[in-house]
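Participant:
Residue numbers (this note's numbering): 2 to 476.
1) Figure out for me which residue from 367, 376, 294, 59 has the closest Cα to the Cα of residue 308.
2) Who pairs with residue 63 in a beta bridge, going by DSSP?
3) Can you grab the Cα-Cα spacing for the pair residue 106 / residue 124, in whole Å?
4) Provide the residue span of the beta strand (DSSP E) that contains residue 212, from first to last.
5) If you drop the 5 nearest sequence neighbours on each side, which residues of the same chain put their C-beta closer than 7 Å to that of residue 386?
6) Return the CA-CA distance between residue 388 and residue 207, expressed in angstroms with no decimal places.
7) Express the C-alpha separation of residue 281 and residue 287 in angstroms, rounding to a whole number.
8) Please report the residue range of the beta strand (DSSP E) in which residue 173 lies.
9) Count the other CB atoms within 10 Å of the CB of residue 365; is the residue buried (16 or more) or exposed (fewer)?
10) Is it right to say residue 90 is buried, meaning 16 or more other beta carbons lie within 10 angstroms of its own, or is it exposed?
11) Can you give the Cα-Cα distance for residue 272 and residue 49, rounded to whole angstroms?
12) Quick check on this structure: which residue in 294, 315, 295 has the alpha carbon closest to the alpha carbon of residue 304?
13) Return helix, strand or coil for residue 45, following the three-state DSSP convention.
14) My understanding is that residue 116 touches residue 96, with C-beta atoms under 8 Å, so please give their C-beta distance in whole angstroms.
15) Within its chain, find whatever has a CB closer than 7 Å to the CB of residue 42; leave out the 5 residues flanking it on each side and keep chain order.
16) How is residue 209 classed by DSSP in three states: helix, strand or coil?
17) With residue 413 and residue 298 assumed to form a contact (beta carbons below 8 Å), what rounded beta-carbon distance in angstroms separates them?
18) Using the Cα positions of residue 241 and residue 424, report the straight-line distance between them to the nearest angstrom.
19) Give the secondary structure of residue 224 by DSSP, where H, G and I count as helix, E and B as strand, and everything else as coil.
20) Only counting runs of 4 or more residues, tell me where the alpha helix (DSSP H) segments fall wholly within the segment 364 to 396, in order along the chain.
21) Would you tell me roughly how many angstroms separate the C-alpha atoms of residue 475 and residue 469, rounded to the nearest one?
22) Taking residue 179 as the reference, which of 450, 462, 296 has the closest Cα?
23) Strictly by DSSP, which residues pair up with residue 296?
24) If contacts are defined as beta-carbon pairs under 8 Å, then residue 232 and residue 328 qualify, I think. What distance do you get, rounded to the angstrom?
25) Would residue 172 pass as a contact of residue 318 if the rule is Cβ separation under 9 Å?
26) So which of 264, 187, 229 has the shortest CA-CA distance to residue 443?
27) So, with DSSP's three-state summary, where would you put residue 162?
28) Considering residue 350, what are the terminal residues of the alpha helix (DSSP H) in which it resides?
29) Indicate the three-state DSSP secondary structure (helix, strand or coil) for residue 168 in the structure shown.
30) Helix, strand or coil, according to DSSP, for residue 247 in the structure here?
31) Quick one: is residue 51 buried, meaning 16 or more other Cβ sit within 10 Å of its Cβ, or exposed?
32) For a quick check, are the C-beta atoms of residue 464 and residue 248 less than 9 Å apart?
33) From the DSSP output, read off the bridge partner residues of residue 273.
34) Among 447, 448, 428, which residue has its Cα nearest to the Cα of residue 472?
35) When the Cα of residue 432 is compared with those of 450, 416, 467, 407, which residue comes out closest?
36) What residue range is occupied by the uninterrupted beta strand (DSSP E) comprising residue 315?
Following this line, the structure appears as structure tokens:
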């Protein structure tokens, strides 16, 4: 499991679209470097970059979007910095695409950026980052070791543009007491039977004086729509990343059933207001206080619960779909090297050292030792590197951890074996905005699911068509 708090938290309905001024400015900057038409796998972009060059004497590697907020980041950073033998300057905080493009437009891009994986396709299509095949070859990066969906998410136009790391996956988390009080089990709330989920919601929901006092089930909309759709055999986007599928009947059905969970509790506004009042990271969290029956949530929250409320009555299991299979909508980060980076060779070497199996193993050992010293259970780390994941689980995760953390660990690794991502595409932010806006219109009572997804389909497809047309013209 990654950091006790999310290393790169995903928030519902965040806006990451690149403004027209920044995009235009970036094209100007690329024009001065001979790349005004954009870069692609076949036009030689980055071909003259020597990724095996020695770091510039006295130079400083400029990294944007990454900080050493915990031992998993700190150990790997210190190790990579020592291997490079050069200074590394970190610009901490989540990468701001606008700030990145502005830096590029000013002719002063960083050497390396740490981005969300679903940003990579857009950056690549706009000529903002270098293809990394030569980097991989020169630094001996074993791409076979990476989780396949994570690698696919940073592959655009048949070219690798990012080095992935971390995997955030969803598991089912529930109150064992609330389930037991109503004669329910995890199978009633894990998504495998939508009718059972709705019945469990109604059974566990409580109101006090007309106000919600216990959330039965939180279906975590809008951000988990891809998860609920996948369990019905539907993807929001075609495999080639060109065709939106938001109005697919299975997507609409998934949305209808997830919204019905909120309607059974008085509507989404009531649930959200009460949910937002919870002490999410503290000892008074919703499971410790008996204010939540069940929800799907990323695996990093297991560590939060283990630290803040280890005695809370908890139950864990994988998320399943009506198809009976385990599903997890994986998200994570990736390293990318900007066009015009002053020291792309050092950037490549740093990314290689940060993501290799040995680095993850060393960092996980420090995490395991720290948790043992605090009397806590080490639950693993999902790195995006399959070799590292297996090694960490085999050597550092307890063979017989106490309940309920044993189930949490099993669920986490099961989810990690059944992940999916949305294909890389040149309109990632616009596509996400379209479907999340559609879901929000339903949650706010503005539209019915079918109408909302029909509108979202038109908006998403228009953005995709425009972005792909620009990319295709450059090839």
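Glycine is no exception: its CB is placed at the ideal position from the N, C-alpha and C atoms. Every value quoted in this text rests on a predicted model; they were computed, and no experiment measured them.
Facilitator: So, from the data block:
1) Looking up residue 308 in the chain shown gives position 307. That would be 376, whose Cα lies nearest to the Cα of residue 308.
2) The residue you call residue 63 lines up with position 62 of the chain shown. Checking the DSSP bridge columns, you'll see residue 63 partnered with 90.
3) Along the chain shown, read from residue 1 onward, the residue named residue 106 stands at position 105. Along the chain shown, read from residue 1 onward, the residue named residue 124 stands at position 123. Rounded to whole angstroms, the separation of the alpha carbons of residue 124 and residue 106 is 13 Å.
4) Your numbering for residue 212 matches position 211 in the chain shown. For residue 212, the enclosing beta strand (DSSP E) stretches over residues 212 to 219.
5) Mapped onto the chain shown, residue 386 falls at position 385. Closer than 7 Å at the Cβ level, and outside the excluded window around residue 386, lie 146, 147, 356, 358, 361.
6) Here residue 388 refers to the residue found at position 387 when the chain shown is read from its first residue. Here residue 207 refers to the residue found at position 206 when the chain shown is read from its first residue. In this structure, the straight-line span from the alpha carbon of residue 388 to that of residue 207 is close to 45 Å.
7) For the purposes of this step, residue 287 is taken as residue 286 along the chain shown, with counting starting at 1. For the purposes of this step, residue 281 is taken as residue 280 along the chain shown, with counting starting at 1. Cα-Cα distance, rounded: 7 Å.
8) As a working mapping, residue 173 is identified with position 172 in the chain shown. Segment 171 to 176, the beta strand (DSSP E) holding residue 173.
9) Numbered from 1 along the chain shown, position 364 holds the residue referred to as residue 365. Residue 365 is classed as buried because its beta carbon has at least 16 other beta carbons within 10 Å across all chains shown.
10) Within the chain shown, residue 90 is the residue found at index 89, counting from 1. The residue in question, residue 90, is exposed, as its Cβ has fewer than 16 Cβ neighbours within 10 Å.
11) Along the chain shown, one-based indexing puts residue 272 at 271. Along the chain shown, one-based indexing puts residue 49 at 48. Note on geometry: alpha-carbon atoms of residue 272 and residue 49 lie some 55 Å from one another.
12) Indexing the chain shown from 1 puts residue 304 at position 303. Ranked by Cα distance from residue 304, the first of 294, 315, 295 is 315.
13) Locating residue 45 in the chain shown gives position 44, counting from the first residue. Confidence at residue 45 is low in this model, with a pLDDT of 48, below 50, so its placement is unreliable and no value can be given for it.
14) Your numbering for residue 116 matches position 115 in the chain shown. Your numbering for residue 96 matches position 95 in the chain shown. Between residue 96 and residue 116 the Cβ distance is about 5 Å, and since that is below 8 Å, they are a contact.
15) The count along the chain shown starts at 1 and reaches residue 42 at position 41. Caution is warranted here: a pLDDT of 36 is assigned to residue 42, below 50, making its placement in the model unreliable, and the coordinate value is therefore given only provisionally. Hits under 7 Å: 132, 158, 159, 160.
16) By 1-based counting over the chain shown, the position of residue 209 is 208. In the structure shown, residue 209 adopts extended strand secondary structure according to DSSP, grouped into three states.
17) Indexing the chain shown from 1 puts residue 413 at position 412. Indexing the chain shown from 1 puts residue 298 at position 297. At roughly 11 Å, the Cβ-Cβ gap does not stay under 8 Å, so residue 413 and residue 298 are not in contact.
18) In the chain shown, residue 241 corresponds to position 240, counting from 1. In the chain shown, residue 424 corresponds to position 423, counting from 1. A direct Cα-to-Cα measurement between residue 241 and residue 424 gives close to 7 Å.
19) As a working note, residue 224 is residue 223 in the chain shown. Correct three-state label for residue 224: coil.
20) Runs of the alpha helix (DSSP H) inside the segment 364 to 396: 387 to 396.
21) Residue numbering aside, residue 475 sits at position 474 when the chain shown is read from its first letter. Residue numbering aside, residue 469 sits at position 468 when the chain shown is read from its first letter. Here the alpha carbon of residue 475 sits roughly 10 Å from the alpha carbon of residue 469.
22) Numbered from its first residue, the chain shown carries residue 179 at position 178. The candidate whose alpha carbon is nearest that of residue 179 is 296.
23) Residue mapping note: residue 296 aligns to position 295 of the chain shown, counting from 1. Answer is 174, 219.
24) Against the chain shown, residue 232 aligns to sequence position 231. Against the chain shown, residue 328 aligns to sequence position 327. Contact check for residue 232 and residue 328: beta-carbon distance about 5 Å, within the 8 Å limit, so the pair qualifies.
25) For the purposes of this step, residue 172 is identified with residue 171 of the chain shown, where counting begins at 1. For the purposes of this step, residue 318 is identified with residue 317 of the chain shown, where counting begins at 1. Cβ distance < 9 Å, so residue 172 and residue 318 count as in contact.
26) Residue mapping note: residue 443 aligns to position 442 of the chain shown, counting from 1. When each option's Cα is compared against that of residue 443, the closest is 264.
27) Taking the chain shown and counting its residues from 1, the one referred to as residue 162 is at position 161. Residue 162: coil per DSSP, three-state reduction.
28) Walking along the chain shown from the start, residue 350 turns up at place 349. Start and end: 345 to 356.
29) Translated into positions along the chain shown, residue 168 becomes position 167. In this structure, residue 168 counts as strand in the three-state DSSP scheme.
30) Here residue 247 corresponds to residue number 246 of the chain shown, with the count starting at 1. The three-state secondary structure of residue 247, taken from DSSP, is coil.
31) If you number the chain shown from 1, residue 51 lands on position 50. Classification for residue 51: exposed.
32) By 1-based counting over the chain shown, the position of residue 464 is 463. By 1-based counting over the chain shown, the position of residue 248 is 247. Cβ atoms of residue 464 and residue 248: not closer than 9 Å.
33) Numbered from 1 along the chain shown, position 272 holds the residue referred to as residue 273. In DSSP, residue 273 forms no bridge with anything.
34) Counting from 1 along the chain shown, the entry for residue 472 is found at position 471. Distances from the alpha-carbon of residue 472 to those of 447, 448, 428 put 428 closest.
35) Counting from 1 along the chain shown, the entry for residue 432 is found at position 431. Out of 450, 416, 467, 407, 467 has the C-alpha closest to the C-alpha of residue 432.
36) In the chain shown, residue 315 corresponds to position 314, counting from 1. Residues 315 to 319.
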